[in-house]
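K.L.:
Residue numbers (my numbering), protein chains in the order written: chain C, 119 to 375; chain S, 235 to 426.
Here it is in structure tokens:
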């Protein structure tokens, strides 16, 4: 127990020292450049961030961006699951849908953003982009997981005449859960990046991406860094929350036994 | 049970491999033990009888349609506990383990298995007993058991054999052990 605590403490100290090292490098680089417009130092960014957090619009932008991206993320996970189910249950549907999902996966996000800007309101673009980036990841992981499933368990389900619903619920879904969880975590980062990129280009009202764009236009580089730092912090927070939710779900499943 | 001219072959790297060719077996016994050297086709024969494999040619007659099979591997669902693995194959709506005293839990207890036990924390012999309990719990007309007593000691083998004997079903067991066949009071048919 004491050894574990000591290891944890050592790890925290090592991480803090690493963070301090890179902050020092950043400060030195900024001092070497000598212009906040090109490379603001950590103190200028911290000052800009302090000014931002005191404004109500900052928090509204964060809330609305999170809402848009998480909505897209949830829709993407749901579509990914539905498409995977369709592709795994019918070869015809697989032949029909797989090329489309593969094409979406290979298409640059910028092309989709520009097209979506022609088709929908500014607020809808980040939602659609997040969903479009998440869907193929979830679909791909689930289809791959299904293809590599334990065929002996499928045969067991057939021999014991479990039927479609019981086989899906008790044989396939639990077997696919690790693949779904892994894809949910991978897709979160993608949803976040594509959602912000969509906001930068489509500039909806009250959005982190729009503020990043305005900071660039008005040459407020410390503010641009401050918004970017907020994006990174939010991404870490969301990733931690999603990881905890997935772990909690796993332990609840275990407890149900 | 009557097997006539049964043949089964499969392709292995573009080469046809015959497991058996023109097999004939006939028995009126209720419990039959199929014996023979490894690779002689005991498991394949059980899978054909279960309808999981189609023979290349030949017929099986006087054999029921609805059978329960205990596979050579345990094929248990690791995310369900012992009770849930057994209860799942019953025709009734599935229920999570909640201390029930029903057919599934009674079969498990009679084989010395705690129904609440996780599959992941079981020994090979315990998993074998859960797989046997599942086969016994399934509502079928015949039992197909592939090396059912593997990993069990003498006492457990005797108890499990007793439980199998008490089932009023046509039972076909694949085994290497004459002692197991004797414990079951089975007719021995040899595959060559």
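Positions of the beta carbon are idealized from the N, C-alpha and C atoms, including for glycine. Treat the numbers as computed from the prediction; the structure is a model and nothing was measured.
For a contact defined as C-beta to C-beta under 7 Å, what are the partners of residue 277 of chain C on chain S?
P.N.:
Chain S residues near residue 277 of chain C: 284, 286, 303.
K.L.:
Given that a residue counts as buried once 16 or more other Cβ atoms are within 10 Å of its Cβ, and exposed if not, what is residue 141 of chain C?
P.N.:
So residue 141 of chain C counts as exposed.
K.L.:
Mapping the DSSP letters down to three states, classify residue 429 of chain S as helix, strand or coil.
P.N.:
Residue 429 of chain S is absent from the structure shown; chain S starts at 235 and stops at 426.
K.L.:
Considering only the beta carbon of each residue, do residue 337 of chain C and residue 253 of chain C sit closer than 8 Å?
P.N.:
It is not a contact, given that the beta carbons lie outside the stated cut-off.
K.L.:
Under DSSP, the alpha helix (DSSP H) around residue 424 of chain S begins and ends at which residues?
P.N.:
Not the alpha helix (DSSP H): residue 424 of chain S falls in the beta strand (DSSP E), residues 421-424.
K.L.:
Return no unless some Cβ of chain S is closer than 8 Å to the Cβ of residue 269 of chain C.
P.N.:
Cβ-Cβ to chain S under 8 Å: no for residue 269 of chain C.
K.L.:
For residue 374 of chain C, which residues from the same chain have a beta carbon less than 7 Å from its beta carbon, with the 5 sequence-adjacent residues on both sides left out?
P.N.:
Note that residue 374 of chain C has pLDDT 41, beneath the 50 cutoff, so the model's placement of it is unreliable and no number is given.
K.L.:
Could you name the residues of chain C that residue 328 of chain S contacts, counting a contact when the two beta carbons are closer than 9 Å?
P.N.:
Result: 284, 287, 288.
K.L.:
Using a cut-off of 9 Å between C-beta atoms, extract the partners of residue 292 of chain C located in chain S.
P.N.:
Ordered by position in chain S, the residues that pass the 9 Å Cβ test against residue 292 of chain C are 311, 312, 313, 314.
K.L.:
Residues of chain S with CB closer than 8 Å to the CB of residue 298 of chain C, please, in chain order.
P.N.:
Here the premise fails: no neighbours, minimum Cβ distance about 14 Å.
K.L.:
Decide if residue 296 of chain C is buried, meaning its Cβ has at least 16 other Cβ atoms within 10 Å, or exposed.
P.N.:
By the neighbour-count rule (16 or more Cβ atoms within 10 Å), residue 296 of chain C is not buried but exposed.
K.L.:
As an exercise, report each continuous alpha helix (DSSP H) stretch of at least 4 residues that is fully enclosed by the segment 254-307 of chain C, in chain order.
P.N.:
The segment 254-307 of chain C contains these whole alpha helix (DSSP H) runs: 269-277, 281-284.
K.L.:
Please list, in chain order, the chain S residues whose beta carbon lies closer than 9 Å to that of residue 280 of chain C.
P.N.:
Correct list: 322, 323.
K.L.:
Mind checking whether residue 289 of chain S and residue 328 of chain S have CB atoms under 8 Å apart?
P.N.:
Not closer than 8 Å, so no.
K.L.:
So, using beta-carbon positions, are residue 305 of chain C and residue 255 of chain C closer together than 8 Å?
P.N.:
In this structure, residue 255 of chain C lies closer than 8 Å to residue 305 of chain C by Cβ.
K.L.:
Could you tell me which residues DSSP pairs with residue 243 of chain S in its beta bridges?
P.N.:
Residue 243 of chain S is bridged to S:252.
K.L.:
Which residue from S:265, S:246, S:320 puts its Cα closest to that of residue 399 of chain S?
P.N.:
Out of S:265, S:246, S:320, S:265 has the C-alpha closest to the C-alpha of residue 399 of chain S.
K.L.:
So for residue 389 of chain S, helix, strand or coil by DSSP?
P.N.:
Residue 389 of chain S: helix per DSSP, three-state reduction.
K.L.:
Among the residues of its own chain, which have a CB less than 8 Å from the CB of residue 389 of chain S, if the five just before and after it don't count?
P.N.:
So the list is empty, once near-sequence residues are dropped.
K.L.:
What residues of chain C sit near residue 372 of chain S, judged by a beta carbon separation below 7 Å?
P.N.:
278, listed in chain order.
K.L.:
Quick one: which chain A residues come within Cβ less than 9 Å of residue 381 of chain S?
P.N.:
Of the protein chains in this structure, namely C and S, none is chain A.
K.L.:
Using only the alpha-carbon positions, how far apart do residue 226 of chain C and residue 165 of chain C sit?
P.N.:
Taking the straight line joining both Cα atoms gives about 36 Å.
K.L.:
I believe residue 352 of chain C touches residue 247 of chain C by the beta-carbon criterion, under 8 Å. Please report the beta-carbon distance rounded to the nearest angstrom.
P.N.:
At roughly 17 Å, the Cβ-Cβ gap does not stay under 8 Å, so residue 352 of chain C and residue 247 of chain C are not in contact.
K.L.:
If you drop the 5 nearest sequence neighbours on each side, which residues of the same chain put their C-beta closer than 8 Å to that of residue 307 of chain C?
P.N.:
Only 353, 357 meet the Cβ criterion.
K.L.:
Any contact of the segment 219-233 of chain C with the segment 272-281 of chain C, i.e. 3+ C-beta pairs under 8 Å?
P.N.:
Result no; under three Cβ-Cβ pairs closer than 8 Å.
K.L.:
Is residue 374 of chain C close to chain S, meaning its C-beta is less than 8 Å from at least one C-beta of that chain?
P.N.:
With a pLDDT of 41 at residue 374 of chain C, under the threshold of 50, the modelled position of this residue cannot be trusted, and the question is left open.
K.L.:
Mind checking if residue 307 of chain S is an interface residue toward chain C, Cβ cutoff 8 Å exclusive?
P.N.:
For residue 307 of chain S, the answer is yes, since a Cβ of chain C falls inside 8 Å of its Cβ.
K.L.:
List the residues of chain S that residue 273 of chain C touches, going by C-beta distances under 7 Å, in chain order.
P.N.:
Going along chain S in sequence order, the residues near residue 273 of chain C (Cβ under 7 Å) are 286.
K.L.:
Residue 404 of chain S and residue 371 of chain S - do their beta-carbons sit closer together than 8 Å?
P.N.:
The answer is no: Cβ separation not under 8 Å.
K.L.:
Span of the alpha helix (DSSP H) holding residue 207 of chain S?
P.N.:
Beyond the ends of chain S as shown, which are 235 and 426, falls residue 207 of chain S; an answer cannot be given.
K.L.:
Using only alpha-carbon positions, find the residue among S:401, S:396, S:311, S:278 that is nearest to residue 361 of chain S.
P.N.:
Considering only alpha carbons, the answer is S:311.
K.L.:
For residue 196 of chain C, report the span of its alpha helix (DSSP H) as first-last.
P.N.:
Unbroken alpha helix (DSSP H) run through residue 196 of chain C: 174-207.
K.L.:
Give me whichever residues DSSP pairs with residue 380 of chain S in a beta bridge.
P.N.:
Residue 380 of chain S is bridged to S:408.
K.L.:
What is the rounded straight-line gap between the Cα of residue 365 of chain C and the Cα of residue 264 of chain C?
P.N.:
So the alpha carbons of these two residues sit roughly 22 Å apart.
K.L.:
Tell me residue 315 of chain S's beta-bridge partners as DSSP assigns them.
P.N.:
Residue 315 of chain S pairs with S:352.
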